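Heads up, the thing below is written out as structure tokens.
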Amino acid sequence: MTASEQGGPPATAAGVPRHNWAGNVRYAARAFHRPTSTDELRRLVAGSARIRAVGTGHSFNRFGDTEGDLVTLAGLPPVIDVDPERARVTVTGSLRYGDVARQLHAQGYALANLASLPHISVAGAVATATHGSGQTHGNLATSVAALELVTADGDLLHVDRDTDGDTFAGMVVGLGALGLVTRVTLDVVPSFEVRQYVRLDLHREALDEALGSAYSVSAFTDWRGPRLREVWRKQLADQPPPPADWLGTTAADQPRHPVLGMPPENCTPQLGVPGPWHERLPHFKLGFTPSNGDELQSEYHVPRAAAADALAALDDVAHLIAPVLQVCELRTVAADELWLSPNHQRDSFVLHFTWIADTAAVLPVLTAMEERLAPFAFRPHWGKVFVTDPTALAARYPRHTDFTTLLTHLDPSGKLRTSLLDHYFPR
């Protein structure tokens, strides 16, 4: 199976992708590397003037780009080591969530939540606070109990939630700027089963109740009308199914794909058929091309209580959004204490936009949207496309200055910095 068939970008002879998954970012690296041991990685980092790690390429901006050395950690030995006594699992950071999940489930364990794509790497998803949905669930980084990383000087650093406290909270969502993450320790729970139901044509006034109605809930809209096209309810298998007239919607009578016209076979089973957590919580199957691929993505987190007002604010520019939109997904994420998490100290309502692959057409729409979302102090997803002013963005993160200080402490020469990092975290 090729990298593209697995949902990743084409790779160089060294096994490192030359561009991101969507193809809108072509990496500027002078050299590409695939070390096969931590010692080899440490020597590479110590001897490099500029270096960055790339995961599965599911980022849509240049936070991960470098003109120096680009390295994939996919060549490191795969580790999935469960600690039953502490209810944790330690994994190689480059492993995909879907691969980790399969082995965890086989041993009777689960992760509390997953993103819509199981194709993303653990370290990359954690570094950008990628998330699933569910108003009682934090983003994926909140499940991190420990990190092992190679710092800019080539040293191996281990940080733990139990012993490193506040500093640990600053390092988990690190944007790849604090070191190259080799291992991640995650909290686990007993394995569980989920049923997925798709409901059609939800009135927006019922959205708040819908988002809180099941273990994980996503709503989809095309911004072409006042109602929401679909609601994907992922509920625990032992819970009763939604009634036939649930919130005034109707039940889908066949499987759906979030993007109209795309094959539903790529999506995880629906119609209430029970199945293991890792085959229901993501929207897409691991063995199929995720989402569309020919796309751009943006995402904005606003306070959970501002959901209705944020949607109303964007109604003014719906005529701009709809022509360049493939689909918009609405989700919830619980608050946390991680410094650079978009959910830092506030429960969030999340607006995720999958755009057509036309940067010139999309950027003016982002400008118009961000102007209207500014009163809600939105925080963009670090791995998506956004045009937010650096000063405004810094003001929305109470620990922004602390992170910049930590960044300078761990990487005084700026070896792991990129132009976009310098833009949002100036030295």
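Per my numbering, the very first residue in the sequence shown carries number 1348; after that it's consecutive.
Note that the Cβ used here is the ideal one computed from N, Cα and C, for glycine as well.
Keep in mind it's a predicted model, so treat the numbers as computed, not measured.
Straight-line CA distance for residue i to residue j?
i       : j       : result
Thr1597 : Asp1430 : 44 Å
Leu1533 : Thr1477 : 15 Å
Leu1417 : Val1363 : 8 Å
Thr1679 : Pro1629 : 15 Å
Glu1540 : Pro1602 : 19 Å
Leu1525 : Arg1365 : 23 Å
Ala1378 : Glu1495 : 24 Å
Ala1393 : Arg1574 : 55 Å
Thr1529 : Pro1425 : 10 Å
Arg1409 : Ser1766 : 8 Å
Ala1400 : Lys1762 : 12 Å
Glu1612 : Asp1548 : 22 Å
Asp1749 : Gly1440 : 25 Å
Asp1656 : Asp1592 : 27 Å
Pro1722 : His1770 : 23 Å
Arg1774 : Arg1397 : 16 Å
Lys1632 : Pro1621 : 15 Å
Arg1390 : Arg1693 : 41 Å
Arg1435 : Val1564 : 26 Å
Leu1643 : Val1649 : 20 Å
Asp1428 : Val1438 : 6 Å
Ala1350 : Asp1705 : Residue placement at Ala1350 is flagged as unreliable, the pLDDT there being 32, under the threshold of 50; a coordinate-derived value is accordingly withheld.
Trp1570 : Gly1481 : 22 Å
Thr1752 : Glu1387 : 29 Å
Val1497 : Gly1517 : 16 Å
Ala1681 : Leu1740 : 20 Å
Val1469 : Val1531 : 8 Å
Leu1658 : Ala1665 : 10 Å
Leu1558 : Gly1471 : 27 Å
Spatial neighbours of residue i within its chain, please: C-beta separation below 7 Å, excluding the five flanking residues on both sides.
i       : result
Ser1538 : His1452, Gly1455, Tyr1456, Ala1457, Pro1623 and Trp1624
Ala1660 : Arg1719 and Leu1720
Thr1735 : Glu1717 and Pro1727
Ser1560 : Arg1580
Leu1583 : Phe1539, Val1541 and Tyr1562
Thr1776 : The chain is shown only over 1348 to 1774; residue 1776 falls outside these bounds and no answer can be derived.
Going along the chain, which residues of its own chain have a beta-carbon closer than 6 Å to the beta-carbon of residue i, five neighbours each way excluded?
i       : result
Leu1667 : Val1712 and Ala1715
Gly1619 : Arg1542, Tyr1544 and Pro1588
Pro1605 : Phe1567 and Val1674
Ala1708 : Val1671
Ser1463 : Pro1629 and His1630
Ala1553 : Leu1594
Asp1507 : Ala1493
Ala1421 : Ser1441
Ala1654 : Phe1696
Thr1489 : Asp1683
Mind reading off the beta-carbon distance from residue i to residue j? Whole number of angstroms is fine, and I expect it under 8 Å.
i       : j       : result
Pro1589 : Arg1580 : 6 Å
Leu1754 : Phe1772 : 6 Å
Trp1686 : Val1520 : 7 Å
Ser1423 : Thr1383 : First, the amino acid is wrong: residue 1423 is Leu here, not Ser. Confirmed, Cβ separation roughly 7 Å.
Ser1645 : Phe1733 : 6 Å
Leu1527 : Leu1768 : With 8 Å as the limit, Leu1527 and Leu1768 do not qualify as a contact, their Cβ atoms being about 15 Å apart.
Trp1729 : Thr1419 : Actually they do not touch by this definition, with Cβ atoms about 20 Å apart.
Using 10 angstroms around the beta-carbon of residue i, count the other beta-carbons present and answer buried if the total reaches 16, otherwise exposed.
i       : result
Ala1479 : The residue you asked about is not Ala; residue 1479 is Gly in the sequence shown. Looking at its Cβ environment, which holds 16 or more other Cβ atoms inside 10 Å, Gly1479 is buried.
His1550 : exposed
Thr1738 : exposed
Gly1634 : exposed
Ser1760 : exposed
Ala1499 : buried
Ala1652 : exposed
Asp1641 : exposed
Asp1446 : buried
Glu1577 : buried
Gly1572 : exposed
Glu1676 : buried
Gly1512 : exposed
Thr1615 : buried
Arg1546 : buried
Thr1514 : exposed
Leu1607 : exposed
Gln1586 : exposed
Met1348 : In this predicted model, Met1348 has a pLDDT of only 24, less than 50, meaning its place in the structure is not dependable; the value taken from the coordinates is given anyway. Under this definition Met1348 is an exposed residue.
Thr1373 : For clarity, residue 1373 is Arg in the given sequence; the question names Thr instead. By the neighbour-count rule (16 or more Cβ atoms within 10 Å), Arg1373 is not buried but exposed.
Ordered along the chain, which non-local residues of its own chain (more than five positions away) have a Cβ less than 8 Å from that of residue i?
i       : result
Ser1395 : Gly1415, Asp1416 and Lys1762
Leu1461 : Tyr1444, Ala1448, Gly1479, Leu1487, Trp1624, His1625, Leu1628 and Pro1629
Ile1467 : Gly1402, Thr1403, His1405, Arg1443, Tyr1444 and Thr1477
Ala1375 : Asp1412, Thr1413 and Glu1414
Val1536 : Ala1434, Tyr1456, Ala1457, Leu1458 and Ala1459
Are the C-beta of residue i and some C-beta of chain B separated by less than 7 Å?
i       : result
Leu1575 : The structure shown contains no chain B; it is built from a single protein chain.
Query raised in the report: Does the segment 1686 to 1701 come within contact of the segment 1737 to 1748, defined as at least 3 CB pairs closer than 8 Å?
Result: yes
Query raised in the report: Are at least three pairs of beta-carbons, each pair with one atom in the segment 1496 to 1503 and one in the segment 1694 to 1702, less than 8 Å apart?
Result: no
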